[in-house]
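The structure under discussion appears below in the form of structure tokens.
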Amino acid sequence: MPKERPLWRGAAFRLCLLSAALFLCLQLGMRRSWCLAACTLRALALPLAASSPWSRVPRGALACPAKPGLEWAAARSLLYSGYFATEGKTPNGNTTSLRPQTVRWHIELQPWASPTPSLNYEASRFLKYISTSQISCEHMNLNSLKGYSETTKKPWSVCLDERFSLIHRIRSKECRLYSLGLGNDDNQFELSMANSGCEVHRFDPSIKSAHIQQGRHLWHHRLSIDWRDPNPAIAAHKLHSNTKKLGTVLNEFGHQKIDVLKADVESAEWKILENLILEDVVEQIGQLVFEVHIHWPGFEVSGNDSTVVRYWYSLLRELELKDFRLFHTYKDLSKPQMFLKKEAFNASSCYTLSWVNTRWK
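Heads up: the sequence shown at position 206 corresponds to 206 in full-length UniProt numbering, and the numbers run straight through without jumps.
Structure representation (structure tokens):
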């Protein structure tokens, strides 16, 4: 009579087969995920790929078996969350890098201006702060720049003192200006900087074409600079999104520094400025020229009036901690004289503030 085999041997054999199959599937899945992540890194490290008018990237350089599905979105999300970093050279010689983002989620709020929260005290402190220059600048006139016109509607003041780098970079034609706006016909400042030899990029989501080159040094981009990137799972289905953070744009363009960042973004400036501070992008900027609006809290700024003003003030103090100094303030008397929907404190609803990064010598 044949001897029966123990049942446990058959079960063990089947378990071994199942384990081997599972191990093989895991290996294939990991290999596919890393391939997708590598392709994403390669794509984002090149400035605007082959479709950009200022880039010379061959179309084949971005060849990658990407599928607009959830796995591709997951690979992209690793980049958005700051886990990867890469460096390389763009065709025009610029260094391209994806910086690991600093893990910082909120700014440090300054103490209240009074023992108990008070709008009067907060408003007085804030308005005094934005009206007081922290550093002197003797040369703010653009008349010396080639192509400057007196038709500029607003005083976009930059500091051209010899002790700071901007005037030297203008003379050597190595300066770069980023201009953020929305449907603004007054682009004389950008034209003046471009005519002086600066590389000027103007971001406006309202223009008709994705990219327009005007002259040798001025580009218009149909892109809105925001304080957050689009959801990677949604952006994966689009070749290009029209809303991006400034840090993301810098990575894609292959730019390490901006000599001047000008912004007139109609009440989005507070959250954009917060993003620049939290992600340390502001340290890559030489001068800031921002139009700020104080007739209402601004996009996604919440809280009662005294809390809002404390937040504004805290943001500007963060700039000071980053070695930015306010050198010019313009109070726009042509706009409604209003502060958080109130005609109070002798305040205008709109100010143009100019800072210089004193680390940039």
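Idealized CB from N, CA, C, for every residue including glycine. From a predicted model like this one, the values you see are computed outputs, not experimental measurements.
Please determine, among Trp-360, Lys-342, Arg-325, the residue with the shortest C-alpha to C-alpha distance to Ile-130. Mapped onto the sequence shown, residue 130 falls at position 130. It is Arg-325.
Where Trp-105 falls, given that 16 or more other Cβ within 10 Å makes a residue buried: For the purposes of this step, residue 105 is identified with residue 105 of the sequence shown, where counting begins at 1. So Trp-105 ends up on the exposed side.
Quick one, are the C-beta atoms of Glu-190 and Asp-161 less than 7 Å apart? For the purposes of this step, residue 190 is taken as residue 190 along the sequence shown, with counting starting at 1. For the purposes of this step, residue 161 is taken as residue 161 along the sequence shown, with counting starting at 1. In this structure, Asp-161 does not lie closer than 7 Å to Glu-190 by Cβ.
Look at the Cβ atom of residue 378, then the Cβ atom of Ile-258, and state whether they are nearer than 7 Å. In this structure the chain extends from 1 to 361, so residue 378 is not present and cannot be described.
Start and end residues, alpha helix (DSSP H) containing Leu-127: Your numbering for residue 127 matches position 127 in the sequence shown. Per DSSP, Leu-127 belongs to the alpha helix (DSSP H) from 119–130.
Measure the beta-carbon distance from Ile-294 to Ala-347 and round it to whole angstroms, keeping in mind my assumption that it falls under 8 Å. Taking the sequence shown and counting its residues from 1, one reaches residue 294 at position 294. Taking the sequence shown and counting its residues from 1, one reaches residue 347 at position 347. Between Ala-347 and Ile-294 the Cβ distance is about 7 Å, and since that is below 8 Å, they are a contact.
Are the region 196–214 and the region 278–297 in contact at 8 Å, needing three or more beta carbon pairs? no
Check residue 365 in the structure and name its three-state DSSP category. For residue 365 there is no data in the structure shown, the boundaries of the chain being 1 and 361.
Quick one: Cα of Arg-194 to Cα of Trp-156, how far? Within the sequence shown, residue 194 is the residue found at index 194, counting from 1. Within the sequence shown, residue 156 is the residue found at index 156, counting from 1. Note on residue identity: the sequence assigns Ala, not Arg, to residue 194. When rounded, the distance between both Cα atoms is 15 Å.
Assuming Phe-327 contacts Ile-135 (C-beta within less than 8 Å), just tell me the rounded distance between them. If you number the sequence shown from 1, residue 327 lands on position 327. If you number the sequence shown from 1, residue 135 lands on position 135. Yes, they are in contact, since the Cβ atoms of Phe-327 and Ile-135 sit about 5 Å apart, within 8 Å.
Which same chain residues, not among the five before or five after Asn-357, have their C-beta less than 7 Å away from its C-beta? Working through the sequence shown from its first residue, we reach residue 357 at position 357. Here the set comprises Ile-285, Gly-286, Gln-287, Asp-323, Phe-324.
Bridge-paired residues (DSSP) for Asp-226: Along the sequence shown, one-based indexing puts residue 226 at 226. Answer is Lys-245, bridged to Asp-226.
Report all residues from its chain with a CB closer than 7 Å to the CB of Ser-118; omit the five preceding and five following residues, and keep chain order. Taking the first residue of the sequence shown as 1, we reach residue 118 at position 118. Once the five neighbours on either side are set aside, the close Cβ partners of Ser-118 are Ser-306.
With a cut-off of 8 Å, do at least 3 Cβ pairs link the region 246–260 to the region 163–177? yes
Looking at the strands, I want to know which residues DSSP matches up with Tyr-311. The residue labelled residue 311 in the question sits at position 311 within the sequence shown. Tyr-311 pairs with nothing; no bridge assigned.
Among Asp-186, Phe-203, Pro-336, Glu-343, the one whose alpha carbon lies nearest that of Phe-253: Against the sequence shown, residue 253 aligns to sequence position 253. Nearest of Asp-186, Phe-203, Pro-336, Glu-343 to Phe-253, Cα basis: Phe-203.
Give the DSSP-derived three-state secondary structure of Leu-288 in the structure shown. Residue numbering aside, residue 288 sits at position 288 when the sequence shown is read from its first letter. Strand.
Are the beta-carbon atoms of residue 404 and Phe-299 separated by less than 7 Å? For the chain, the structure presents residues 1 to 361; residue 404 sits outside this window and is missing.
Quick test of your reading: Leu-278 and Leu-315, contact by CB under 8 Å. State the CB separation rounded to the nearest angstrom. Taking the sequence shown and counting its residues from 1, one reaches residue 278 at position 278. Taking the sequence shown and counting its residues from 1, one reaches residue 315 at position 315. About 10 Å; that fails the 8 Å criterion.
So for Val-158, helix, strand or coil by DSSP? Within the sequence shown, numbered from 1, the residue matching residue 158 stands at position 158. DSSP places Val-158 in coil when its eight states are reduced to three.
I need the boundaries of the beta strand (DSSP E) containing Phe-324, first residue and last residue. Within the sequence shown, the letter at position 324 stands for residue 324. Segment 324–331, the beta strand (DSSP E) holding Phe-324.
How many Å lie between Gln-110 and Ser-133 at the Cα? Taking the sequence shown and counting its residues from 1, the one referred to as residue 110 is at position 110. Taking the sequence shown and counting its residues from 1, the one referred to as residue 133 is at position 133. Their Cα atoms are separated by approximately 20 Å.
Just to confirm, does Thr-352 get its C-beta within under 6 Å of one of the non-hydrogen atoms of the ligand ADP? You won't find the ligand ADP in this model; it holds no ligand whatsoever.
Length of the line joining the Cα atoms of Arg-125 and Ala-113: Residue numbering aside, residue 125 sits at position 125 when the sequence shown is read from its first letter. Residue numbering aside, residue 113 sits at position 113 when the sequence shown is read from its first letter. Whole-angstrom Cα-Cα distance: 7 Å.
Which residue or residues does DSSP assign as beta-bridge partners of Val-356? Taking the sequence shown and counting its residues from 1, the one referred to as residue 356 is at position 356. Answer is Gln-287, Arg-325.
Within 10 Å of its beta-carbon, does Ala-63 have 16 or more other beta-carbons around it, so buried, or fewer, so exposed? As a position in the sequence shown, residue 63 is number 63, starting the count at 1. At Ala-63 the pLDDT is 42, less than 50, meaning the model places this residue with poor confidence; the figure from the coordinates comes in the next sentence. Classification for Ala-63: exposed.
Host alpha helix (DSSP H) of Ser-192 (start-end): As a position in the sequence shown, residue 192 is number 192, starting the count at 1. From DSSP, the alpha helix (DSSP H) with Ser-192 extends over 188–195.
For a test of the three-state rule: what should DSSP assign to Glu-266, helix, strand or coil? In the sequence shown, the residue the question calls residue 266 occupies position 266. Residue state, collapsed to three classes: coil.
Going by the beta-carbon positions, is the gap between Asp-264 and Gly-181 smaller than 7 Å? Position 264 of the sequence shown, counted from the first residue, corresponds to residue 264. Position 181 of the sequence shown, counted from the first residue, corresponds to residue 181. It is a contact, given that the beta carbons lie within the stated cut-off.
Quick one: what's Cys-175 bridged to in DSSP? Within the sequence shown, numbered from 1, the residue matching residue 175 stands at position 175. BP columns for Cys-175 are empty, so no partner.
Roughly how many angstroms separate the alpha carbons of Ile-107 and Asp-332, rounded to a whole number? As a first step, residue 107 must be located in the sequence shown, where it is residue number 107. As a first step, residue 332 must be located in the sequence shown, where it is residue number 332. Roughly 28 Å separates the two Cα atoms.
Would you kindly check if the distance between the Cβ of Ala-123 and the Cβ of Phe-290 is under 7 Å? As a working mapping, residue 290 is identified with position 290 in the sequence shown. As a working mapping, residue 123 is identified with position 123 in the sequence shown. Not closer than 7 Å, so no.
Alpha carbon to alpha carbon, how far is Leu-250 from His-201? Give it in angstroms, no decimals. Your numbering for residue 201 matches position 201 in the sequence shown. Your numbering for residue 250 matches position 250 in the sequence shown. Going from the Cα of His-201 to the Cα of Leu-250 covers about 11 Å.
The beta strand (DSSP E) that contains His-201, what's its start and end? As a working mapping, residue 201 is identified with position 201 in the sequence shown. Residues 199–203.
Cutting at 6 Å between CB atoms, please list the residues of its own chain near Arg-176, excluding the five before and the five after it. Numbered from its first residue, the sequence shown carries residue 176 at position 176. Contacts found: Glu-199, Ile-258, Asp-259.
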